[in-house]
Amino acid sequence: MTHILFEIVITDLEYVRPENDETICREDIHSHPNIEIVITDLEYVRPENDETICREDIHRQYKAVELIYTKEFDMKIDIWSTACLTFELVTGDYMFNPFESKYYTIDEHHILKIIQLMAEIPPNLMDNERCIRNIKVLLERDQHNITSMNAKDNFYRILAKSYKIPKEDAKQLVRFLIPMLRLNPNKRETAEQCLQNEWLIK
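Residue numbers (full-length UniProt numbering): 1 to 202.
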């Protein structure tokens, strides 16, 4: 089984207990008395090269950019999902939580939010008319100048200012997340590279 989310996030379930289990004690929680453990949905875990997986299997909030407007994808979608889940575990909020409106489809809104955060337009996006017909109009309407934006600065501002994460911790987390969210899957970090990141091993 090669699902990166499973390998990285689910690391130690030794002390997981049912709710109100009287056998649990404070020492089991590694000095965190109010910890809340959330096991993510692993219903769609698949072996590598399993042809039964499809884009609809991936929950919207964790869906990699290539799943939105292309037909080709590989295990790098798990790296993207892990970045989204990491952000959620740290902040308590989804990194991307798009919705449909009278101005755009949910896919268009999702792409727009990715562009706004990553300060970059995905490769070949503007050549695809399947679901991105209004992106240029939306960018112009919202007055986002992509060339003047910076993904690192965007992330740092969100983590340090909006969520009050200490500056050095925020910087390390940014250095962990951005390589996992590269819009070109071929340039995205591998699981092995992620596990060597200073944010995980500090």
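Cβ atoms here follow ideal geometry from the backbone N, Cα and C, with glycine treated the same way.
Is the distance from the Cβ of D74 to the Cβ of P179 below 8 Å?
Going by C-beta atoms, D74 is not nearer than 8 Å to P179.
Suppose the cutoff is 8 Å on Cβ atoms and the five residues either side in sequence are ignored; what does the same chain contact list for L67 look like?
Around L67: R55, I58, F73, I77.
Contact check, L117 vs N150 under 8 Å by CB: the rounded distance?
So it is not a contact: roughly 11 Å between Cβ atoms.
Quick check on DSSP: helix, strand or coil for P179?
In this structure, P179 counts as helix in the three-state DSSP scheme.
What three-state label does DSSP hand Q196 in the structure shown?
Three-state result, Q196: coil.
Taking 8 Å as the threshold (C-beta atoms), are L177 and F96 in contact?
Not closer than 8 Å, so no.
Tell me the residue span of the alpha helix (DSSP H) that contains E108.
Residues 106-118.
Expressed to the nearest angstrom, what Euclidean distance is found between the alpha-carbon atoms of Y104 and K202?
Their Cα atoms are separated by approximately 42 Å.
In angstroms, rounded to a whole number, what distance separates the CA positions of S81 and E192?
Rounded to the nearest angstrom, the two C-alpha atoms are 15 Å apart.
Taking the Cβ atom as the reference point for each residue, do R188 and I79 lie within a distance shorter than 8 Å?
Against a cut-off of 8 Å, the Cβ pair of I79 and R188 comes out as a contact.
Going by beta carbon distance, what residues of the same chain come within less than 7 Å of L181, once the five residues before and after it are set aside?
So the qualifying residues of the chain are W80, A83, M118.
Here's the rule: buried if 16 or more other CB atoms are within 10 angstroms of the residue's CB, otherwise exposed. What is P166?
Burial call: exposed.
Just the Cα atoms here: how many angstroms apart are D107 and L89?
Taking the straight line from one Cα to the other gives about 24 Å.
Roughly how far, in whole angstroms, is the beta-carbon of V65 from the beta-carbon of L183, given that I think they are within contact range, below 8 Å?
Indeed, because the Cβ distance is near 6 Å, the residues count as touching under 8 Å.
With distances taken Cα to Cα, identify the nearest neighbour of R175 among S162, N197, K161, K164.
The shortest C-alpha separation from R175 is found at N197.
Do you know offhand how far W199's Cα is from Y163's?
In a straight line, the C-alpha of W199 is about 17 Å away from that of Y163.
Out of Y94, H110, D93, state which residue places its alpha-carbon closest to the alpha-carbon of S101.
Measuring from the Cα of S101, the nearest candidate turns out to be H110.
Mind reading off the beta-carbon distance from L85 to Y62? Whole number of angstroms is fine, and I expect it under 8 Å.
Sure, about 6 Å apart at Cβ, within 8 Å.
Between which two residues does the alpha helix (DSSP H) carrying F87 extend?
First-last of the alpha helix (DSSP H) with F87: 76-91.
Tell me which residue opens and which closes the alpha helix (DSSP H) that E72 is part of.
From DSSP, E72 is part of no alpha helix (DSSP H); its letter is neither H nor E.
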